[in-house]
Amino acid sequence: MIYKEGHVVENSKNVIDRNKKNISYISKLESYLSPNIRNIIRNVPQNFKETLEEIRLRVDNPLMVFGDQRDYFVDLKGNLTLNPMNSYYVTTDDIEKTLQFASNYSIYSVEEEIKKGYITVQGGHRIGIVGKVLLDNNGIRTLKNYSGLNIRISREKLGVATGVLPHIINAKGELMNTLIVSPPQCGKTTLLRDVIRMVSTGVPHMNFRGLKVGVVDERSELGACFQGVPQNDLGPRTDILDSCPKAEGIMMLIRAMSPQVIATDEIGREEDMIAIDEAIMAGIKLITTVHSRSLENILSKRVVGKLVKDGVFERIIFLSNMNGVGTVDSIVDGTNLTYLIQNTNKNRGIT
Numbered sequence: 001m002i003y004k005e006g007h008v009v010e011n012s013k014n015v016i017d018r019n020k021k022n023i024s025y026i027s028k029l030e031s032y033l034s035p036n037i038r039n040i041i042r043n044v045p046q047n048f049k050e051t052l053e054e055i056r057l058r059v060d061n062p063l064m065v066f067g068d069q070r071d072y073f074v075d076l077k078g079n080l081t082l083n084p085m086n087s088y089y090v091t092t093d094d095i096e097k098t099l100q101f102a103s104n105y106s107i108y109s110v111e112e113e114i115k116k117g118y119i120t121v122q123g124g125h126r127i128g129i130v131g132k133v134l135l136d137n138n139g140i141r142t143l144k145n146y147s148g149l150n151i152r153i154s155r156e157k158l159g160v161a162t163g164v165l166p167h168i169i170n171a172k173g174e175l176m177n178t179l180i181v182s183p184p185q186c187g188k189t190t191l192l193r194d195v196i197r198m199v200s201t202g203v204p205h206m207n208f209r210g211l212k213v214g215v216v217d218e219r220s221e222l223g224a225c226f227q228g229v230p231q232n233d234l235g236p237r238t239d240i241l242d243s244c245p246k247a248e249g250i251m252m253l254i255r256a257m258s259p260q261v262i263a264t265d266e267i268g269r270e271e272d273m274i275a276i277d278e279a280i281m282a283g284i285k286l287i288t289t290v291h292s293r294s295l296e297n298i299l300s301k302r303v304v305g306k307l308v309k310d311g312v313f314e315r316i317i318f319l320s321n322m323n324g325v326g327t328v329d330s331i332v333d334g335t336n337l338t339y340l341i342q343n344t345n346k347n348r349g350i351t
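Read in order, the letters of the sequence shown correspond to residues 1 to 351 in UniProt numbering.
In structure tokens:
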């Protein structure tokens with residue numbers, strides 16, 4: 001989306017191209033589903049598929065999908081319904097076959113990922129897993145008796161950061177430390193991903209040269225790496241640490257990769273703050289996100305609140321799903337906590 005004088009402008013060709021790509025994402029993902037569920041999802045209405053974010057499988061419970069900002073049950077013919085009694089009920093075999101297809105018939109090969117509660121498949125889609133947890137002296141060893149899967153569809157939305165960049169690049173052409181804030185499923189990771197891509201690539205019309213960006217992708221949601229290869233475009237000057245804890249990853253990048261910018265998702269731990277301080281002292285710019293709904297709520301958080309009060313973030317961007325995922329509610333000057341933009345009409349953002 002491109003913002004212009006309080007309105008949303010988008011090229012119709014971009015809409016068509018994006019919708020075609022969204023449908024191709026789903027078609028590829030269908031191959032990982034058990035035969036029964038694959039046939040059902042193929043019959044889901046095409047216009048709903050364009051908004052599809054999650055497919056949820058729970059043993060002995062109705063098949064569910066989430067899209068268009070709400071969830072639905074799905075019947076045997078692919079019809080969406082609000083009545084669970086009319087739905088297809090997921091079986092243990094559905095869960096097991098889906099995991100077999102997703103792991104290329106080798107659960108052992110993805111055991112390290114399963115310990116973290118999810119696996120990433122080609123295309124960057126992530127399959128969350130629940131079941132019986134087996135422990136050893138080092139913590140979680142693995143999961144077995146799988147009881148549920150949450151298949152999250154990964155979609156790139158190129159260009160959604162276009163309207164935000166003028167607010168995070170100053171008059172001297174310098175990137176400002178930026179915090180993106182939103183509740184879950186409101187577009188902060190999508191926006192962060194595109195900011196990374198554009199900062200890495202450069203923005204010629206703003207006379208902004210691309211910068212070296214180091215990404216700590218702890219949950220494999222930014223680059224969505226599959227077998228070490230990013231499935232999402234994060235730009236030509238970007239180095240990615242996949243499945244790496246944020247604090248450790250930030251320090252590794254500082255020591256080894258000479259980044260000009262470090263980007264990561266969802267900060268909040270004490271060790272994150274210490275690593276961020278190291279990056280700031282090294283003159284490295286920071287782009288990151290946090291789950292929250294308001295400036296007041298952020299200030300009440302122990303770690304992020306301190307960073308904000310200390311003026312670490314020069315720009316704070318608040319998102320919601322008021323008028324669709326990625327609605328930009330406000331942009332705050334982090335140096336004095338005043339509102340630069342506060343949209344009373346909630347202009348639509350990332351869609």
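We put the CB at the ideal spot given by N, CA and C, even for glycine.
Cβ-based neighbour list, residue i, same chain, cut-off 7 Å, excluding 5 preceding and 5 following
i, result
"Ala282", "Ile254"
"Thr335", "Gly311, Glu314"
"Pro184", "His291"
"Tyr118", "Arg126, Ile127, Gly128, Ile129"
"Arg293", "Pro183"
Pair within 8 Å by beta-carbon distance, residue i and residue j
i, j, result
"Asn232", "Gly128", "no"
"Asp265", "Thr289", "yes"
"Ser34", "Thr98", "yes"
"Asp217", "Leu158", "no"
"Ser182", "Leu319", "yes"
"Leu175", "Leu211", "yes"
"Thr189", "Leu222", "yes"
"Glu278", "Val303", "no"
"Lys246", "Asp272", "yes"
"Val328", "Leu340", "no"
"Ile178", "Arg315", "Looking at the sequence shown, residue 178 is not Ile but Thr. Cβ atoms of Thr178 and Arg315: closer than 8 Å."
"Arg126", "Ser154", "yes"
"Ser67", "Ile40", "Ser is not the amino acid found at residue 67; the sequence shown has Gly there. No, the pair does not count as a contact, with Cβ atoms beyond the cut-off."
"Ile169", "Ile317", "no"
"Ile287", "Leu192", "yes"
"Val203", "Leu165", "yes"
"Thr92", "Val44", "no"
Cα-Cα separation between residue i and residue j, rounded to whole angstroms
i, j, result
"Arg42", "Ser220", "27 Å"
"Ile114", "Leu143", "7 Å"
"Gln260", "Ile274", "18 Å"
"Arg141", "Glu112", "9 Å"
"Gly163", "Ser300", "29 Å"
"Met198", "Tyr146", "40 Å"
"Asp242", "Val110", "15 Å"
"Val130", "Tyr108", "16 Å"
"Glu5", "Gly268", "In this prediction, Glu5 scores a pLDDT of 31, lower than 50, which makes its location untrustworthy; the coordinate-derived value is nonetheless stated afterwards. Going by the C-alpha atoms only, they are around 34 Å apart."
"Glu248", "Gly187", "26 Å"
"Val65", "Val229", "28 Å"
"Ala161", "Met85", "42 Å"
"Ile284", "Phe101", "42 Å"
"residue 352", "Cys225", "In this structure the chain extends from 1 to 351, so residue 352 is not present and cannot be described."
"Glu325", "Met251", "Here residue 325 turns out to be Val, not Glu, going by the sequence shown. Between Val325 and Met251, the C-alpha separation is close to 33 Å."
"Thr338", "Asn297", "15 Å"
"Asn83", "Gln227", "40 Å"
"His205", "Pro236", "18 Å"
"Lys309", "Ala171", "24 Å"
"Asn61", "Gln342", "43 Å"
"Tyr105", "Glu30", "16 Å"
"Ser330", "His167", "11 Å"
"Asn137", "Arg209", "49 Å"
"Glu96", "Ile276", "41 Å"
Sequence-distant residues of the same chain with beta carbon closer than 8 Å to residue i, five excluded per side
i, result
"Thr81", "Tyr72, Phe73, Val74, Asp75, Ser87"
"Ile37", "Ile55, Leu57, Leu63, Tyr88, Val90, Asp94, Thr98"
"Ile26", "Ile41, Lys49, Leu52, Ile153"
"Met257", "Lys212, Gly214, Asp239"
"Ile280", "Asn177, Leu286, Val312"
"Cys244", "Val216, Asp217, Glu218, Met252"
Own chain residues within Cβ distance below 6 Å of residue i, not counting five before or after
i, result
"Ile196", "Val213, Leu234, Ala263"
"Lys346", "A caution first: Lys346 carries a pLDDT of 46, below 50, which makes its placement in the model unreliable, though a value can still be read off. Here the set comprises Met322, Asn323, Thr327."
"Lys28", "Gly123"
"Ile151", "Ile55, Ile127"
"Val207", "Position check: residue 207 holds Asn in this sequence, whereas Val was assumed. The answer, listed in chain order, is Gly173."
"Ser116", "Residue 116 is actually Lys in this sequence, not Ser. Correct list: empty, nothing qualifies."
"Glu156", "Asn232"
Residue i beta carbon near the ligand PLP (any heavy atom closer than 7 Å)
i, result
"Asp136", "Absent from the structure shown: the ligand PLP. Ligands present: none."
(message) Restricting to runs no shorter than 4 residues, where is the alpha helix (DSSP H) found entirely within the stretch 92-134?
(response) 92-102, 111-115
(request) Please go through the stretch 26-104 and give each complete beta strand (DSSP E) segment of 3 or more residues, from N-terminal end onward. (result) 52-58, 64-67, 70-74
(request) Mind listing, in chain order, the continuous alpha helix (DSSP H) runs of no fewer than 4 residues lying wholly within the UniProt domain "AAA+ ATPase" (174-323)? (result) 188-201, 246-256, 270-281, 295-299, 302-309
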